[in-house]
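What follows is a short report on a single structure.
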Amino acid sequence: MAIDNQQSGTIGKLTASDIAWVLFVVFIGLTARLLHIDSQPFWLDEALTYQRIHLGLDGLIADSFSNRHMPSYFLMLQLFSQFDSNNVWLRVPSALFGTLSVGVVFAIARRIAGRPAAIVAGLLMALSPLQVQYGQEARSYTLVTLLITIALWALVRLAQNPLRASLDIRHPQFDRCGWALYLIGTIGALDVLSDAAPWLLAANVSLFLIWRGLRMETPPEARIGFQRNWLLSLAIILVCCVPFYGAILAFSDGQMLQKFDWIPPLSWQNLRVVAKSAYLMRMAAVVRFSVLPTAVPLLGLLVAILGGIGLYRIRRRLEGRVLLLGFAVLPLLLLAISLIKSMVLPRYILWSAAPFFILVGIGAATLPRRMMPTTVIALLLLCTVNLLPIYRTETKPRWDKAAAALAANVRPGDTVFTGDSNAPTMLAVLQPKDEVPIGNTALVTSRLDVALERWKQGGRVWAVNGRSAMGPREELDTFKTRIAALGTPALEIPEGKEITILMFDAPNNGDSTWRSNGVDSLITPPIATVTEILPVSRQRIAP
2 MAIDNQQSGT IGKLTASDIA WVLFVVFIGL TARLLHIDSQ PFWLDEALTY
52 QRIHLGLDGL IADSFSNRHM PSYFLMLQLF SQFDSNNVWL RVPSALFGTL
102 SVGVVFAIAR RIAGRPAAIV AGLLMALSPL QVQYGQEARS YTLVTLLITI
152 ALWALVRLAQ NPLRASLDIR HPQFDRCGWA LYLIGTIGAL DVLSDAAPWL
202 LAANVSLFLI WRGLRMETPP EARIGFQRNW LLSLAIILVC CVPFYGAILA
252 FSDGQMLQKF DWIPPLSWQN LRVVAKSAYL MRMAAVVRFS VLPTAVPLLG
302 LLVAILGGIG LYRIRRRLEG RVLLLGFAVL PLLLLAISLI KSMVLPRYIL
352 WSAAPFFILV GIGAATLPRR MMPTTVIALL LLCTVNLLPI YRTETKPRWD
402 KAAAALAANV RPGDTVFTGD SNAPTMLAVL QPKDEVPIGN TALVTSRLDV
452 ALERWKQGGR VWAVNGRSAM GPREELDTFK TRIAALGTPA LEIPEGKEIT
502 ILMFDAPNNG DSTWRSNGVD SLITPPIATV TEILPVSRQR IAP
């Protein structure tokens, strides 16, 4: 069977200009992810990562499977954490994986539609607020995105020359690179995070379309050969992944969907939040289901229009259908599941943004060539202005400041009562390095009856209102009503937008001492707020 080595739809080999551009776009992506990577504290998911990687090997694996996670990413972080005790280093791998995804997106777009499409797609991937946010988080989302973009590149390659993909594995012209990278990317993603499972569906539908195209245009041996290679790849993937998913099911006790009760119910408003943050360049709040204000309101509309143009332009090409499946299968599948149990979150569809941005780049490439320099400069400026608020906006609750305030001021016999059941974890993980652990000085509990009993016995109570993750938030007035038996707080200390600390003196104790910058100050009831005195323990806490 004769093989055409010139792959259909492929742009020629990389030139020096292509390499310069990809390095430029990757540099922008790396800078965006490393800039102020330590400015936001850990939130609950990252705190749990920190705790998990400090377990022993058996404990790490068991805790991962019990929480529907693969242990692979956490094992990698456990090794990485040996090089530095600073918690911020746990975020660096995510920044690197996110940066590499920028380069792969550039490569896919260039392969399909040339350098202009690649530059636009790469810039969007580099400066997407949601991609940058998760590129600064100690979780596995950017690693999964990288692995799936690698597998997507391989699928596009197979689609562009299906004849080489259909050859026997021993044939000298067999596309070993395409099939190997497809397997590596797919198996790697599936064995890092179960969020990648819909990719297996999208990839196999894509392979079916490639096989169907061979049926119409090529001799029978090509169709049979491609089918053989396809089924072999599927068998290898299942062998490498099914045991791990079996372990997750075994540890879940049949309660998989019930463990997602914290996700807000499906609504048009929530769907808009997910679409805007994942695809339309809006910044998302981490613990609230909302997008934050943008300085460039028309950027999202422009991206959506170009994405539609790109899809229309490539609709008849096999590569276009591969991109469409890579983009659409994940959100549509989660939407279908959400009719039974809500599963739609921005981070759960993070990897589907990569094929979408490639479609946007293809749409932008339809502009006249003379307009491309202006277009690229304008896009870079707009995306930069759109991204800048992420570095100065509080997107995660300031549990680091709360932990610092409590560590500096609790004394033996005190009780720290937290309205959020996960807050003790946050206070323990974000404990200042140079202070005595809060739990060594005071009792930290989320049980109000325990706090009340210790208060009646003559101990002070520090009541902390605030949430550590997404889910219902108890408003401060409601929280005060719930703990009204403690009386009137002697201190009210706001820590950022989400957290407030209330200090209640022991019964019949009329004085309160507040430690500010190492100096004890006398505070007189009924109430004093932190705005009336110097801030406490404002030293930097490395997240």
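Just so you know, the sequence shown maps onto residues 2 to 544 in our numbering. Ideal Cβ positions, reconstructed from N, Cα and C, are used throughout, including at glycine.
Top-ranked residue by Cα proximity to residue i, from the options
i: Pro413; options: Arg69, Trp463, Thr501; result: Trp463
i: Trp44; options: Glu476, Ala486, Ala470, Arg474; result: Ala470
i: Gly136; options: Asp196, Leu31, Ile185, Ala276; result: Leu31
i: Arg273; options: Gly459, Leu293, Ser447; result: Leu293
i: Ser1; options: Asn88, Val206, Met126, Tyr313; result: In the structure displayed, the chain extends from 2 to 544; residue 1 sits before or after that span and is not available.
i: Ile149; options: Ala118, Pro266, Gly99; result: Gly99
i: Val451; options: Glu476, Thr416, Ala204; result: Thr416
i: Asp192; options: Leu164, Leu144, Gly214; result: Leu144
i: Met126; options: Arg34, Val323, Asn466, Phe175; result: Arg34
i: Ala190; options: Glu222, Gly364, Ala152, Ala160; result: Ala152
i: Leu239; options: Pro508, Gly327, Ala365, Leu184; result: Leu184
i: Ser353; options: Gly364, Val377, Leu159, Leu326; result: Leu326
i: Ser141; options: Pro72, Ser207, Gln83; result: Pro72
i: Ala286; options: Leu49, Pro117, Arg393; result: Arg393
i: Leu380; options: Ala408, Leu335, Leu307; result: Leu307
i: Met284; options: Ala236, Pro347, Gln228, Arg314; result: Pro347
i: Phe25; options: Gly123, Leu334, Ser82, Ser65; result: Gly123
i: Trp90; options: Thr50, Ile29, Ile315, Pro369; result: Thr50
i: Ser253; options: Glu454, Arg370, Asn68; result: Asn68
Exposed unless 16 or more other CB atoms sit within 10 angstroms - verdict on residue i
i: Thr295; result: buried
i: Gln134; result: buried
i: Cys178; result: exposed
i: Ile20; result: exposed
i: Asp401; result: buried
i: Gly459; result: exposed
i: Ile113; result: buried
i: Thr501; result: buried
i: Asn441; result: exposed
i: Asp196; result: buried
i: Ala118; result: buried
i: Val323; result: buried
i: Thr482; result: exposed
Straight-line Cα distance separating residue j from residue i
i: Gln52; j: Ala404; result: 16 Å
i: His55; j: Cys384; result: 38 Å
i: Ser18; j: Ile120; result: 11 Å
i: Asp506; j: Ala139; result: 38 Å
i: Gly301; j: Ile484; result: 44 Å
i: Leu428; j: Val345; result: 29 Å
i: Arg92; j: Val243; result: 29 Å
i: Phe480; j: Trp231; result: 58 Å
i: Tyr246; j: Ala337; result: 21 Å
i: Glu496; j: Arg399; result: 6 Å
i: Gln79; j: Gly57; result: 10 Å
i: Leu182; j: Leu156; result: 9 Å
i: Leu331; j: Pro199; result: 6 Å
i: Trp22; j: Thr367; result: 19 Å
i: Trp456; j: Leu340; result: 46 Å
i: Met372; j: Leu267; result: 42 Å
i: Tyr349; j: Ile225; result: 36 Å
i: Phe175; j: Asp169; result: 6 Å
i: Leu164; j: Pro94; result: 38 Å
i: Gln270; j: His37; result: 31 Å
i: Asn518; j: Lys277; result: Confidence at Asn518 is low in this model, with a pLDDT of 43, below 50, so the placement of that residue should be treated as unreliable; the coordinate-derived value is given next. Near 43 Å, if we compare the C-alpha coordinates of Lys277 and Asn518.
i: Ala543; j: Pro433; result: Note that Ala543 has pLDDT 35, beneath the 50 cutoff, so the model's placement of it is unreliable and the number below is only indicative. Using only the alpha carbons, I get a separation of about 8 Å.
i: Ala204; j: Ile188; result: 12 Å
i: Ile391; j: Leu128; result: 11 Å
i: Val377; j: Leu389; result: 18 Å
i: Lys14; j: Leu210; result: 26 Å
i: Arg318; j: Leu208; result: 14 Å
i: Gly362; j: Arg111; result: 9 Å
i: Ala408; j: Val437; result: 7 Å
Same chain, Cβ closer than 7 Å to residue i, neighbours up to 5 away in sequence not counted
i: Val297; result: Leu383, Val386, Asn387
i: Arg468; result: Val288, Pro398, Asp421, Arg474, Glu499
i: Ala443; result: Val411, Asp415, Thr416, Val417
Residue-level contact to chain D via CB, residue i, 8 Å cutoff
i: Arg318; result: Here there is only one protein chain, and chain D is not present.
Nearest-angstrom Cβ-Cβ length linking residue i and residue j, presumed shorter than 8 Å
i: Leu351; j: Leu202; result: Contact doesn't hold; Cβ gap of about 17 Å is too wide.
i: Pro220; j: Ser343; result: Wrong, their Cβ atoms sit about 49 Å apart, outside the cutoff.
i: Leu312; j: Leu360; result: 5 Å
i: Ser167; j: Leu215; result: 6 Å
i: Ile109; j: Trp154; result: 5 Å
Spatial neighbours of residue i in its chain, beta-carbon cut-off 6 Å, leaving aside the 5 residues before and after
i: Thr16; result: none
i: Leu503; result: Ala464, Pro490, Glu493
Proximity test, residue i beta-carbon vs the ligand NAP heavy atom, cut-off 7 Å
i: Gly308; result: This structure lacks the ligand NAP, and indeed carries no ligand of any kind.
Residues of its chain near residue i, where Cβ-Cβ distance is below 8 Å and the 5 sequence neighbours each way are ignored
i: Leu334; result: Pro199, Leu202
i: Phe84; result: Trp90
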